[in-house]
Each structure stands twice: as C-alpha cells, then as structure tokens.
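Student:
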Amino acid sequence: MLDAVDAGDELLLAELEALRLVRERTKVPVPEVVFVDRSHEVCDADYFFMTYVDADNLNAVSDTLAKAESDAYAEGLGAITRELNTIVGAAFGSLTGPGDRTWRAAFLQMVEELLGDGERRGVVLPHGYDVIRAVVAAHADSLDEVTEPRFVEWDLWPGNCMVRDGRIVAIIEHERAFYGDPLMEFGFAGSESSAYGDATAFTRGYGRRPFTAAERTRRRLYNLHLALVQIIETNFRAHTNTEQYEWACARLRETVALLGR
Numbered sequence: 041m042l043d044a045v046d047a048g049d050e051l052l053l054a055e056l057e058a059l060r061l062v063r064e065r066t067k068v069p070v071p072e073v074v075f076v077d078r079s080h081e082v083c084d085a086d087y088f089f090m091t092y093v094d095a096d097n098l099n100a101v102s103d104t105l106a107k108a109e110s111d112a113y114a115e116g117l118g119a120i121t122r123e124l125n126t127i128v129g130a131a132f133g134s135l136t137g138p139g140d141r142t143w144r145a146a147f148l149q150m151v152e153e154l155l156g157d158g159e160r161r162g163v164v165l166p167h168g169y170d171v172i173r174a175v176v177a178a179h180a181d182s183l184d185e186v187t188e189p190r191f192v193e194w195d196l197w198p199g200n201c202m203v204r205d206g207r208i209v210a211i212i213e214h215e216r217a218f219y220g221d222p223l224m225e226f227g228f229a230g231s232e233s234s235a236y237g238d239a240t241a242f243t244r245g246y247g248r249r250p251f252t253a254a255e256r257t258r259r260r261l262y263n264l265h266l267a268l269v270q271i272i273e274t275n276f277r278a279h280t281n282t283e284q285y286e287w288a289c290a291r292l293r294e295t296v297a298l299l300g301r
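Heads up: the sequence shown at position 258 corresponds to 298 in this note's numbering, and the numbers run straight through without jumps.
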C-alpha cells in the first residue's frame, strides 16, 4: 500500500514514529513499513510503502454484525487501546518532539491551533471563538491531574480497524497519534455523548473504572476538541454538503452546555 502525505513532513513522520513505537513496544497488530522515500526524486512528496492488510474495514461491515459481535469488537478495541496507552513518552504533544512539560500546556496549544485554523478560514461556530476559549480556560485545572505522557492513538474508531474471521488483524491511520491523556481516546467519547455511540463495551474491554468528576470534565473537554476538529476540517477538506458540519455543530453545542455554558 502506498501512503502519500501531501500535508508535508510532520504527518508522515508522526505516522512512521507511531508505527515504530507500536511494533516495538506492544503486540498490537499494525502494518509493517517496508520502504520510506523523502528524497522527492520520484514524486514531489514524502511517501512510504507498508504491507497490505487483507481484511475488511470494521466500519464497512458494522451493519452486518449482531450486537454480540459488535460488542466483542468494541471490547477488543478497548483492550488494544489500553495496550497502546502503556507506551510512555518524554513530553506531552507530538510524538516527534519537542513537546511540552505539562498536559495542560499541550492540550491548550492543540485547541488554540485548531481555533486559529478556523478563524483564518472564517469557519462559523455555533458559539463564538472567544466563548470556546473561555469554556476551555474555565476547566483547564482538570488537565493538571495528567502527569505522565502516554501514547494516545486518538483516531482509533471502527473505520481505522481491520478485521478478518472475527478478529482484529490490524489498526491503521496513525498520523494523529500523540503523547497525552489516555482519556482522550476516541473510544471514550460516547461516555459523555451518546451521539458517538455506546462506550460500555469499549470501556469494559479497556478495564476502566468509573470516571471521577475531574475525569468527566476532561472527557467533555476532549469531546469539545473533537467537535471542533469535525467542524473545522469540513472547510479544509472542501466538503460539498453540510451534513458533517451540522452534526458536529450539534455536538459542540451539547458539550458546551455540559461544561456549563
């Protein structure tokens, strides 16, 4: 499989580092990198080859599964996510560094960079940009509980999970991974918003105890960040309909209300 990254070195390097870390430090199945070319001699972009995964995309077959089968896959994703989260980094933020000393600093920068992208493109949010900044700042103290940088896959939803014969045989698309708070993993999103699905089976597979009040606040902040990503990326990806934008705006309004605004 050829994976060409038009966004530049950062995403490609992040994915290569994520694949290396997962292969060297866990037993989680991922494709093997077989060739990397950053010379730009063949094409005007960095690229790499990785091994082909002979399997079905879990999201594509989800409608054909019985509830017990869906729950089994969700539990499996929970267990895989927990294993990924055992990887410890030196600093919070990018896998390739330099990173931040605190999770609060790293997360606030992630949100600010995202908001900056939206402002530059004139993306309309259901709440003003200053309102979003104020909501995040009001709850930023909850981020200080996170003191150890852990590998966070972040984009591990069924669409990035490959299955065959009832088993998860690979996870793909690792360019958004970073060092942060494991509670930011996508599988936990449904714990604060049923619109993202039922997180029960995932949480059971992860082996997670019930959330504390501070952890629930953090998960709401992470849902806010996720909704912002889903809104703002519709502009950068030049979506031709408003379905995702409108859905994500509803999630943002929902999460801001949970955070007290």
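Even glycine gets a Cβ: it sits at the ideal position worked out from N, Cα and C. Note that the structure is a prediction, hence the values are computed from the model and not measured.
(1) My output table needs one value for Tyr87: the three-state DSSP class, helix, strand or coil.
(2) On the DSSP bridge list, what partners appear for Val73?
(3) Are three or more beta carbon pairs between the segment 180-193 and the segment 210-228 nearer than 8 Å?
(4) So the candidates are Asp96, Asp111, Asp77; which of them puts its Cα closest to the Cα of Arg244?
(5) Can you name, in chain order, every residue of its own chain whose Cβ lies under 7 Å from the Cβ of Trp287, other than the five neighbours on each side?
(6) Residue ranges of each beta strand (DSSP E) run of no fewer than 3 residues wholly in the segment 120-196, ordered along the chain?
(7) Here's a check: name, in chain order, each residue in its chain whose Cβ is nearer than 8 Å to the Cβ of Ile208, leaving out the five neighbours to either side.
(8) Can you tell me which of the three DSSP states Asn281 falls into?
(9) What does a CB cutoff of less than 8 Å around Gly39 pick up in its chain, not counting 5 residues either side in sequence?
(10) In chain order, what residues of the same chain have a beta carbon less than 6 Å from the beta carbon of Ile212, not counting five sequence neighbours either side?
(11) Which residues bound the beta strand (DSSP E) around Ile272?
(12) Within the continuous alpha helix (DSSP H) that includes Phe242, where are the two ends?
(13) Is Asp205 helix, strand or coil by DSSP?
(14) Strictly by DSSP, which residues pair up with Ile211?
(15) From the DSSP output, in three-state form, read off Gly230 for me.
(16) Can you tell me which of the three DSSP states Asp221 falls into?
(17) To which residues of the same chain is Leu264 closer than 6 Å at the C-beta, ignoring the five residues directly before and after it?
(18) Can you tell me where the alpha helix (DSSP H) holding Asp49 begins and where it ends?
(19) Ordered along the chain, which non-local residues of its own chain (more than five positions away) have a Cβ less than 6 Å from that of Asp238?
(20) Quick one, are the C-beta atoms of Arg260 and Leu299 less than 8 Å apart?
(21) On the DSSP letters alone, give me the boundaries of the alpha helix (DSSP H) that Leu98 sits inside.
(22) Take Ala235 and list the residues in its own chain whose beta-carbon comes closer than 7 Å to its own, dropping the five residues that flank it on each side.
(23) Does the Cβ of Asn281 have 16 or more other Cβ atoms within 10 Å, making it buried, or fewer, making it exposed?
Tutor: The answer reads as follows:
(1) The residue labelled residue 87 in the question sits at position 47 within the sequence shown. Tyr87 falls in the strand class under three-state DSSP.
(2) Position 33 of the sequence shown, counted from the start, is the residue given in the question as residue 73. Bridge partners of Val73: Met90.
(3) yes
(4) Within the sequence shown, residue 244 is the residue found at index 204, counting from 1. Per the Cα distances, Asp111.
(5) Working through the sequence shown from its first residue, we reach residue 287 at position 247. If we look at Trp287 and ignore the five residues flanking it on each side, it has no Cβ neighbours.
(6) 190-192
(7) Here residue 208 is taken as the residue at index 168 of the sequence shown, counted from 1. These residues qualify, in order along the chain: Pro69, Leu98, Tyr113, Gly116, Leu117, Ile120, Cys201, Met202.
(8) Along the sequence shown, one-based indexing puts residue 281 at 241. If DSSP states are grouped into helix, strand and coil, Asn281 belongs with coil.
(9) Absent from the structure is residue 39, since the part of the chain shown begins at 41 and ends at 301.
(10) On the sequence shown, residue 212 is found 172 positions in, with the first residue counted as 1. Here the set comprises Asn200.
(11) Position 232 of the sequence shown holds residue 272. No beta strand (DSSP E) contains Ile272, which is instead part of the alpha helix (DSSP H) from 253-276.
(12) Within the sequence shown, numbered from 1, the residue matching residue 242 stands at position 202. Note, Phe242: alpha helix (DSSP H), 240-246.
(13) Position 165 of the sequence shown, counting from 1, holds the residue named residue 205. Looking at Asp205 - three-state DSSP - the assignment turns out to be coil, as it is neither helix nor strand.
(14) On the sequence shown, residue 211 is found 171 positions in, with the first residue counted as 1. In the DSSP output, where bridge partners are listed per residue, Ile211 has Cys201.
(15) Position 190 of the sequence shown, counted from the first residue, corresponds to residue 230. Residue state, collapsed to three classes: helix.
(16) Translated into the one-based positions of the sequence shown, residue 221 becomes position 181. Asp221: coil per DSSP, three-state reduction.
(17) For the purposes of this step, residue 264 is taken as the residue at position 224 of the sequence shown. Around Leu264: Thr295.
(18) Counted from its first residue, the sequence shown places residue 49 at position 9. Run containing Asp49: 49-65, per the alpha helix (DSSP H) assignment.
(19) Taking the first residue of the sequence shown as position 1, residue 238 is located at position 198. Closer than 6 Å at Cβ, skipping near neighbours: Gly230.
(20) If you number the sequence shown from 1, residue 260 lands on position 220. If you number the sequence shown from 1, residue 299 lands on position 259. Yes, the Cβ-Cβ distance between Arg260 and Leu299 is below 8 Å.
(21) Mapped onto the sequence shown, residue 98 falls at position 58. It spans 98-101 - the alpha helix (DSSP H) in which Leu98 sits, taken as one unbroken run.
(22) Here the question's residue 235 lines up with position 195 in the sequence shown. The answer, listed in chain order, is Arg291.
(23) The residue given as residue 281 occupies position 241 in the sequence shown. With fewer than 16 other Cβ atoms within 10 Å, it is exposed.
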